[in-house]
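All remarks here apply to the structure that follows.
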Amino acid sequence: LIPLTLTFILLIISFLYTSYRIRIEDYATDLSSRYQQVQKVLGSLIADRIKSMDSVIEFIADQERFQTAMQSKDRAALFKHGSAILERLFDRQQITHFYFYDRDGRMVLRVYQPENRTESSTRFTKQQAMTSGTPVSGLELGRVGTFTLRTVYPWKINNEVIGYIELGQEIDSILRELRTI
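Residue numbers for the sequence shown follow our numbering, so the first one is -13 and each next one is one higher.
Following this line, the structure appears as structure tokens:
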């Protein structure tokens, strides 16, 4: 009876251990699959937001009223035209940041905070746009600790850079959409 009891105990322990290992492996596989799905969806959401911001920036850059204001560094005109657009962009696309920089990368106007004239910290996206001469987008950590998806666009007229336009969207709205999905 003792050998039979020991055999049953050994079988039960083996069964429990094997069931545990199978569950752990299934959990790890499921977790990895979900992680990959979230990465794909997040990548897609970010790519869509970048395309949208690129379109908006190109529209702004093509507007003669903005071009004239930027060439004369007319902060009041840039603010007047930019604030109306930013209000709509915030309502429809949760765009929270809007900047104009001169050709040397110095701040001309922070549309969402026009009274704040301090230079923004040197950001990778702005540096890359200035170096490459092409639009650059990326996620960056702001001064107050928020991640922001930023797009910096070299503003050219007749193939000459007159400045840079930057739009940004805090990642919170993208994460809320991701959570919903």
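The beta-carbon is built from N, C-alpha and C at its ideal position, and this holds for glycine as well. Just so we're clear, the structure is a prediction, and the values are computed from it rather than from any experiment.
Using DSSP's beta-bridge definition, name the partner residues of residue i.
| i | result |
| --- | --- |
| Ser123 | Thr137 |
| Gln155 | Leu135 |
| Tyr6 | According to DSSP, which records beta bridges pairwise, Tyr6 is partnered with nothing at all. |
| Met93 | Tyr87 |
Would you identify the three-state DSSP class for residue i, choosing helix, strand or coil?
| i | result |
| --- | --- |
| Tyr85 | strand |
| Ile167 | coil |
| Val147 | strand |
| Leu(-13) | coil |
| Arg109 | coil |
| Val27 | helix |
| Val42 | helix |
| Lys59 | coil |
Would you kindly work out how many angstroms separate the C-alpha atoms of residue i and residue j, rounded to a whole number?
| i | j | result |
| --- | --- | --- |
| Gln53 | Trp141 | 9 Å |
| Gln25 | Leu(-8) | 49 Å |
| Asp90 | Gly149 | 7 Å |
| Ser118 | Val147 | 12 Å |
| Asp40 | Met93 | 20 Å |
| Ile(-2) | Thr15 | 26 Å |
| Ile167 | Leu28 | 10 Å |
Here's a check: name, in chain order, each residue in its chain whose Cβ is nearer than 6 Å to the Cβ of residue i, leaving out the five neighbours to either side.
| i | result |
| --- | --- |
| Arg51 | His67 |
CB-CB under 8 Å to residue i, same chain, minus the five flanking residues each way: which ones, in chain order?
| i | result |
| --- | --- |
| Thr111 | Val122, Ser123, Gly124, Glu126, Arg136, Thr137, Val138 and Glu152 |
| Leu64 | Phe52, Ala55, Met56, Phe86, Val94, Leu95 and Val97 |
Who are the near neighbours of residue i in its chain, counting only those whose CB is closer than 7 Å to its CB and skipping five residues on each side?
| i | result |
| --- | --- |
| Ile43 | Thr137, Tyr139, Ile151 and Leu153 |
*Sufficient close CB pairs (3 or more, under 8 Å) joining the stretch 97 to 109 to the stretch 158 to 167*: no
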